[in-house]
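Here's the structure, in structure tokens; my notes come after.
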Amino acid sequence: MLGFLKEPVVVTAKINVNLVALTVMGLISRLWGFCYPRAVVFDEVYYGQFVSLYMKRIFFVDDSGPPFGHMLLALGGYLGGFDGNFLWNRIGAEYSMNVPVWSLRLLPALAGALCVPLAYQILVELHFSHCAALGAALLILLENSLITQSRFMLLESILIFFILLAVLSYLKFYNLQKHSAFSGSWWFWLLLTGVACSCAVGVKYMGLFTYMLLLAIAGLHFWHMIGDQNLSNVSLLCHFLARGLALIIIPMGMYLSFFYVHLALLYRSGPHDQIMTSAFQASLEGGLARITQGQPLEVAYGSQITLRNVLGKPVQCWLHSHTNTYPIRYENGRGSSHQQQVTCYPFKDVNNWWIVKDPGMQQLVVSNPPRPVRHGHIVQLVHGITTRYLNTHDVAAPLSPHSQEVSCYIDYNISMPAQNLWRVEIVNRESDTDVWKTILSEVRFIHVNTSAVLKASGLSGASLPEWGYRQLEVVGEKLSKGYHQSMVWNVEEHRYGKSQEQKEREVELHSPTQMDISKNLSFMAKFTELQWKILTLKNEDTEHKYSSSALDWITMDTNIAYWLHPTSGAQIHLLGNVATWASANAAALVYLCLSLWYLLRRRRKIYDIPEDAWQLWVSAGGICGGGWAVNYLPFFLMEKTLFLYHYLPALTFQILLIPVVLQHLSDHLCRSVLLKSMFSALTVAWFSSVYFVYCTFSPVTYGQPALSLTELKALRWKDTWNILIRKQ
């Protein structure tokens, strides 16, 4: 029974020495001295703030993209024991001892290192020679810009890693299609394609470009499968469902999971709360939640409320009034109603409180039992402190003369009767009998007499003059002007009024409520709101010293100074390998010209290369050339501040095209032994120049050794490069 123990157990394994060697070299090039400098380098000042917020579980919104990349950087901080206590306010600031620089920079460096063997494997899976694949990997290895971007707490190397992993996984899946469909390895690579795509999109939305490219290629491949008569309808359906599951359903699920983890980690109130709705803010620990905890859920007649405008940008503001009146005449000579001012005030204040009154009754307290206000009900809004009624009439607003002035009515005993009835319209209602709810309901107030909508117009325009204390204008906007979020309000703070007397009511307005009703949002509601904010929130795009245009990237007419030593000439720049960038452009041009030539010749039934070589040429171009195009051309349509590092994903694909073109030229255009030998010699000489440029710019790639003034000037190969030279 134990006879098998008489023989030794032998395990055999095939080791690709090329792959192992490339991985080791990639790790050395990215990890060597990567803790230097121990100071904030360029965008580390930006990403570091988010890492600190993760460590402290404080909610934030970053309009640059989804949270997965930030969470990976935060994971590095967590593994290194970072407590989040560091002030990220200046590039070049020295890190304190509590900041684990090695762990914060480790994941980007590992991702950048693994891009080297991934490039090798992609060329192999495209059925190019191991020599071409080795060349592609070495070009990635010696690309100075990719090295620089990998060695710091930045996201581009992680993005490129997942992009290349997605491409490799799909190629492996596709190559298994004919002989091993639905096998374990087939499923593994198909599923890994979807996972890698979702991770790429989760790091930065730029990953969406490669994801769409792979979806298009997968769709094209499936279209060819439909014409295969050897496949049954059932088999085709299974293939379709498998691709739909792996390439669409799973990526969508993973994308949602990134936000789920993000929201689960960041449960505390923070500096970005104000751009979120009151309901979202109330779901966070601290901040608004401390104020709104225990509020009544249903708004009733007699309720005391504050009304926050839903738009919330550029600042949050609440419906407000005070004893001051509109001036009899404005600066431009127009007259006003001289009624009490109504504004939108960006701070919490006792003058933000209003009482919901039943027009048919005089009482300003909640009855027992409370009578809830529903969609379509007519109400009056009474200002809590001055007890004047919210009013609008056919008088031009101070800053928006085409809209109606909104005021609190003062009876001057003239022919201007009060018009203070408002219809409550719940915008996000599920039925026409919905009850107006605290925080959750988004409402519009429609003026009964004029059909004007209460609108915070000051959120999109100028603030009132000195007589209005620079507060934001509120107007009555005609319904015909269409829907806008500045017309929508929600109840943020709420209590049931119990005091009929004014003095007692003023005291009551400052008192906490007693009822305890939960208003927690569902994950999908929070995800939808956060996703919308990420997509629509626009930071003011200011011109940056190192910003550039997409046209500058191809010829590398720009660079970015990442770090400068405070005393010596040591510095780090985002600069590419000039030889590689020029070769990549040349390879793209040669590929385009040859492809057009082949297409024209094939149209005339002239076939210069075998059909299998043509298919290889087209498929490689679809991946490498297509990857460059989809990751580069969209930037011409973007209205945002652009930097050189935005080009790195496109550059990576363009670099992969170089060995594709070189092997094609060697195999099909160099027909004699002499030509092949000469071409090989030129290729070796060219590659030597790539290595020479890499070594030349290594001091500004790694930040060491420090260079002299003469050496720094010698590195300025282009007048447009900003090499930092200290004045003597």
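Just so it is clear: in the sequence shown, position 725 is 725 by UniProt numbering, and no numbers are missing.
Quick reminder that beta carbons are idealized off the backbone N, C-alpha and C, glycines included.
Keep in mind it's a predicted model, so treat the numbers as computed, not measured.
Start-to-end residues for the beta strand (DSSP E) that takes in residue i
i: R444; result: 443-447
i: G384; result: Note, G384: premise wrong, no beta strand (DSSP E); not H, not E.
i: D394; result: 390-396
i: C344; result: 340-345
i: F560; result: Looking at the sequence provided, one finds Ile at residue 560 rather than Phe. Start and end: 560-564.
i: K455; result: 452-455
i: K357; result: 353-357
i: C317; result: Element bounds for C317: n/a, residue is neither H nor E.
i: S283; result: Careful: S283 lies outside any beta strand (DSSP E) and carries neither H nor E.
Neighbourhood of residue i by C-beta distance below 6 Å, restricted to the same chain and skipping five residues each side
i: V707; result: For clarity, residue 707 is Leu in the given sequence; the question names Val instead. These residues qualify, in order along the chain: G569, P699.
i: W467; result: P327
i: S269; result: L284, G286, G287
i: G312; result: I275
i: S457; result: S400, E473, V475
i: S451; result: L479
From the options, residue whose alpha carbon lies closest to that of residue i
i: V203; options: F258, N175, G244; result: F258
i: R151; options: Q49, L574, A650; result: L574
i: H383; options: A397, V342, P372; result: V342
i: V443; options: N631, V45, F222, H377; result: H377
i: S283; options: F635, L642, L530; result: L530
i: E143; options: S185, L123, R30; result: R30
i: T277; options: G335, E477, F527; result: F527
i: C115; options: Y36, L155, F162; result: F162
i: F182; options: R243, P37, A137; result: R243
i: L79; options: A21, V99, M25, L596; result: V99
i: S486; options: V315, A685, S129, L190; result: V315
i: V17; options: A396, I534, V406, L134; result: L134
i: D434; options: V299, P566, H494; result: V299
i: T580; options: S64, L139, A452, H544; result: L139
i: E405; options: P634, D394, C131; result: D394
i: V195; options: F445, R57, L164; result: L164
Close-in-space but distant-in-sequence residues of the same chain around residue i (CB under 8 Å, 5 per side omitted)
i: Q514; result: Caution is warranted here: a pLDDT of 41 is assigned to Q514, below 50, making its placement in the model unreliable, and the coordinate value is therefore given only provisionally. Only G294 meet the Cβ criterion.
i: L168; result: L118, Q121, I122, E125
i: residue 729; result: No answer is possible for residue 729: it lies beyond the span of the chain, which begins at 1 and ends at 728.
i: Y95; result: R38, A39, V40, F86, V101
i: I158; result: G69, L72, L107, P108, A111, V203
i: Y255; result: P66, S198, V201, G202
Start and end residues, alpha helix (DSSP H) containing residue i
i: S595; result: 578-603
i: Q177; result: 177-180
i: K713; result: 709-714
i: I658; result: 648-664
i: K478; result: Taken as a continuous stretch (DSSP letters only), K478 belongs to no alpha helix (DSSP H), being part of the beta strand (DSSP E) at 475-478.
i: R374; result: Premise fails: R374 is in no alpha helix (DSSP H) and is neither H nor E.
i: W553; result: 550-554
i: E611; result: 611-620
i: V24; result: 17-31
i: R243; result: 233-244
i: V350; result: Where V350 is concerned, there is no enclosing alpha helix (DSSP H), given that its DSSP letter is neither H nor E.
i: C131; result: 130-141
Contact set for residue i: own chain, Cβ-Cβ below 7 Å, skip 5 residues either direction
i: W717; result: V578
i: G626; result: L213
i: M153; result: E44, Y47, G48, L73, L104, R105, P108
i: A714; result: none
i: V234; result: none
i: Y694; result: L142, N144, N577
i: W553; result: L644, Y647
i: F209; result: V630, N631, P634
Sub-8 Å separation of residue i and residue j beta-carbons
i: I410; j: Q362; result: no
i: P251; j: S198; result: yes
i: M212; j: V630; result: yes
i: F523; j: L192; result: no
i: G360; j: G497; result: no
i: W422; j: L390; result: yes
i: L307; j: W436; result: no
i: L648; j: I160; result: yes
i: L724; j: L564; result: yes
i: G26; j: L146; result: no
The ligand FMN heavy atom lying under 7 Å from the CB of residue i
i: H322; result: Absence of the ligand FMN is noted for the structure shown, with no ligands found whatsoever.
Say whether the stretch 343-353 touches the stretch 320-330, bearing in mind that this needs 3 or more beta-carbon pairs closer than 8 Å, one atom from each stretch.
Short answer: they touch.
Inter-stretch contact (C-beta, 8 Å, three-pair minimum) for the stretch 679-691 and the stretch 171-178
no
Between the stretch 654-666 and the stretch 226-238, can you find at least three pairs of beta-carbon atoms closer than 8 Å?
By the C-beta criterion, the stretch 226-238 is judged not to be in contact with the stretch 654-666, since fewer than 3 inter-stretch pairs fall below 8 Å.
Would you be able to state if there are at least three C-beta pairs under 8 Å between the stretch 42-58 and the stretch 83-94?
yes
Is it the case that the stretch 605-616 contacts the stretch 672-685, given that we only count it when at least three CB pairs across the two stretches are under 8 Å?
No, they do not touch.
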